[in-house]
């Protein structure tokens, strides 16, 4: 077994069209870069502009020539970046990278190096939970087949936990021994104790997130409705996403005066609000993703 050290670090090529601003990629990169016996070379090209962009492409935008010009430009940039990359010991494909795995395998195996893919979430399951596979069944089938083929390219697959890994293995008939597990974690340079306390004159409940189907927003609004007559219980919502407009209408329809929607705020304001919460809410959905 090779033993790595600061003099002979493990050389990682972090590869793909992954979302550079997504917390999973940022945490994994920071974790690797903080290790004295690991050296990271980033090989990245931007393809996706955000959630709305990916939804638009899955809803039929992928059929337009403009999308394929973007794909061609992104992968040409990746090829050029990889050509210029120094030698490495392993290629790690960031999330989402199921489609990048085809090119990644060819490039890494061409150098005699193994490929690891950080799955995090099934692209087909995400599309299913957002209603895209029902609205666009042909696109749904295409995503399923591409993801199934993409997950067969890497030498190892990284999932967040054994439950999700087991789901992926069963769904796509993949061997369990190909999986390793890395919890999501949090960036401790951002999330750490702050010199603020929850208020004494009311009970503060805080949600922050992307208003996704897996978050179970109806359950949270239902809880707020059940507590509407409790004096001093306030719900604060931060962020935005596909379910937000519907949830805001639902809260307005119920005339919930104990609910406040803040939208996006600065990172410092968000962290202060979390520090002042008595309860920070998690995920309450009943979808498979939840």
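In our numbering, the protein residues as written are 1156 to 1445.
Ideal placement from N, C-alpha and C gives every residue a C-beta, glycine not left out.
Note down, one range per segment and in chain order, each beta strand (DSSP E) of at least 3 residues found wholly within the region 1158 to 1243.
Listed in chain order, they are 1165 to 1171 and 1193 to 1199.
Taking the Cβ atom as the reference point for each residue, do residue 1313 and residue 1337 lie within a distance shorter than 8 Å?
For the purposes of this step, residue 1313 is taken as the residue at position 158 of the chain shown. For the purposes of this step, residue 1337 is taken as the residue at position 182 of the chain shown. Yes, Cβ-Cβ distance for residue 1313 and residue 1337 is below 8 Å.
Is residue 1270 close to chain C, meaning its C-beta is less than 8 Å from at least one C-beta of that chain?
Annotation note: the requested chain C is absent from the structure, which comprises a single protein chain.
Helix, strand or coil: which one does DSSP assign to residue 1273?
What you label residue 1273 is simply residue 118 of the chain shown in a count that begins at 1. Note: residue 1273 maps to strand in three-state DSSP.
So for residue 1286, helix, strand or coil by DSSP?
As a working note, residue 1286 is residue 131 in the chain shown. It is coil, neither helix nor strand.
Any idea if residue 1212 is buried or exposed, counting beta-carbon neighbours within 10 angstroms, 16 or more meaning buried?
For the purposes of this step, residue 1212 is identified with residue 57 of the chain shown, where counting begins at 1. Counting Cβ neighbours within 10 Å, residue 1212 comes out buried, since at least 16 surround it.
For residue 1296, which beta-bridge partners are listed by DSSP?
Residue 1296 sits at position 141 when you count from the first residue of the chain shown. Beta-bridge pairing links residue 1296 to no other residue.
Considering residue 1393, what are the terminal residues of the alpha helix (DSSP H) in which it resides?
The residue labelled residue 1393 in the question sits at position 238 within the chain shown. Careful: residue 1393 lies outside any alpha helix (DSSP H), inside the beta strand (DSSP E) at 1388 to 1394.
By how many angstroms is the C-alpha of residue 1310 removed from the C-alpha of residue 1271?
Residue 1271 sits at position 116 when you count from the first residue of the chain shown. Residue 1310 sits at position 155 when you count from the first residue of the chain shown. Approximately 6 Å between the Cα atoms of the pair.
Pull up the DSSP beta-bridge partners for residue 1247, would you.
Locating residue 1247 in the chain shown gives position 92, where the first residue counts as 1. DSSP, once it has assigned bridges, lists 1169 and 1271 as partnering residue 1247.
If you draw a straight line from the C-alpha of residue 1265 to the C-alpha of residue 1275, how long is it?
On the chain shown, residue 1265 is found 110 positions in, with the first residue counted as 1. On the chain shown, residue 1275 is found 120 positions in, with the first residue counted as 1. Approximately 26 Å, taken between the alpha carbons.
Can you check DSSP and say which residues form a bridge with residue 1336?
Position 181 of the chain shown, counted from the start, is the residue given in the question as residue 1336. Paired residue(s): 1314.
Identify the continuous alpha helix (DSSP H) that holds residue 1257 and give its terminal residues.
Position 102 of the chain shown, counted from the start, is the residue given in the question as residue 1257. 1256 to 1265 is the extent of the alpha helix (DSSP H) around residue 1257.
Nearest CA to the CA of residue 1412: which residue from 1177, 1426, 1405 and 1383?
Within the chain shown, the letter at position 257 stands for residue 1412. Closest by alpha carbon: 1383.
For a quick check, are the C-beta atoms of residue 1173 and residue 1269 less than 8 Å apart?
Your numbering for residue 1173 matches position 18 in the chain shown. Your numbering for residue 1269 matches position 114 in the chain shown. No. Outside cutoff.
When DSSP labels each residue in this structure, what does residue 1418 get in the three-state scheme?
As a working note, residue 1418 is residue 263 in the chain shown. Three-state result, residue 1418: strand.
Sorted by chain position, which residues of the same chain lie with C-beta nearer than 7 Å to residue 1222's C-beta, five sequence neighbours on each side aside?
Within the chain shown, the letter at position 67 stands for residue 1222. Excluding residues within five positions, the ones whose Cβ falls inside 7 Å are 1212 and 1216.
Specify, as a first and last residue, the run of the alpha helix (DSSP H) that residue 1403 falls within.
On the chain shown, position 248 is the one that residue 1403 refers to. It spans 1399 to 1408 - the alpha helix (DSSP H) in which residue 1403 sits, taken as one unbroken run.
Quick check: residue 1187 and residue 1254, are their CB atoms within less than 8 Å of each other?
Working through the chain shown from its first residue, we reach residue 1187 at position 32. Working through the chain shown from its first residue, we reach residue 1254 at position 99. Not closer than 8 Å, so no.
Measuring only the C-alpha atoms, how far is residue 1199 from residue 1171?
As a first step, residue 1199 must be located in the chain shown, where it is residue number 44. As a first step, residue 1171 must be located in the chain shown, where it is residue number 16. Cα to Cα, residue 1199 sits roughly 5 Å from residue 1171.
Pull up the CB-CB distance for residue 1285 and residue 1397, whole angstroms please, since I reckon it's below 8 Å.
Within the chain shown, numbered from 1, the residue matching residue 1285 stands at position 130. Within the chain shown, numbered from 1, the residue matching residue 1397 stands at position 242. Their Cβ separation, rounded to whole angstroms, is 6 Å, which keeps residue 1285 and residue 1397 in contact under 8 Å.
Which residues in the same chain have their Cβ closer than 6 Å to the Cβ of residue 1159, if we skip the five residues on either side of it in sequence?
As a working mapping, residue 1159 is identified with position 4 in the chain shown. These residues qualify, in order along the chain: 1165 and 1192.
Does the Cβ of residue 1273 have 16 or more other Cβ atoms within 10 Å, making it buried, or fewer, making it exposed?
The residue you call residue 1273 lines up with position 118 of the chain shown. Buried: at least 16 other Cβ atoms inside 10 Å.
DSSP three-state call for residue 1319: helix, strand or coil?
Position 164 of the chain shown, counted from the first residue, corresponds to residue 1319. Note: residue 1319 maps to helix in three-state DSSP.
So, with DSSP's three-state summary, where would you put residue 1365?
For the purposes of this step, residue 1365 is taken as residue 210 along the chain shown, with counting starting at 1. Looking at residue 1365 - three-state DSSP - the assignment turns out to be coil, as it is neither helix nor strand.
Whole angstroms are fine: how far does the CA of residue 1443 sit from the CA of residue 1294?
One-based indexing of the chain shown puts residue 1294 at position 139. One-based indexing of the chain shown puts residue 1443 at position 288. The alpha-carbon atoms of residue 1294 and residue 1443 are separated by roughly 20 Å.
Using 8 Å as the threshold, is the region 1332 to 1346 in touch with the region 1389 to 1409, meaning 3 or more CB pairs across them?
Output reads no: the region 1389 to 1409 does not touch the region 1332 to 1346.
Are the CB atoms of residue 1431 and residue 1351 nearer to each other than 8 Å?
As a first step, residue 1431 must be located in the chain shown, where it is residue number 276. As a first step, residue 1351 must be located in the chain shown, where it is residue number 196. Yes, the Cβ-Cβ distance between residue 1431 and residue 1351 is below 8 Å.
Which residue wins for smallest C-alpha separation from residue 1371, given the options 1260, 1440, 1197 and 1429?
Position 216 of the chain shown, counted from the first residue, corresponds to residue 1371. Answer by Cα proximity: 1440.
Would DSSP call residue 1303 helix, strand or coil?
Taking the chain shown and counting its residues from 1, the one referred to as residue 1303 is at position 148. Correct three-state label for residue 1303: helix.
Where does residue 1360 fall in DSSP's three states?
Stepping through the chain shown from its first residue, residue 1360 is reached at position 205. Residue 1360: strand per DSSP, three-state reduction.
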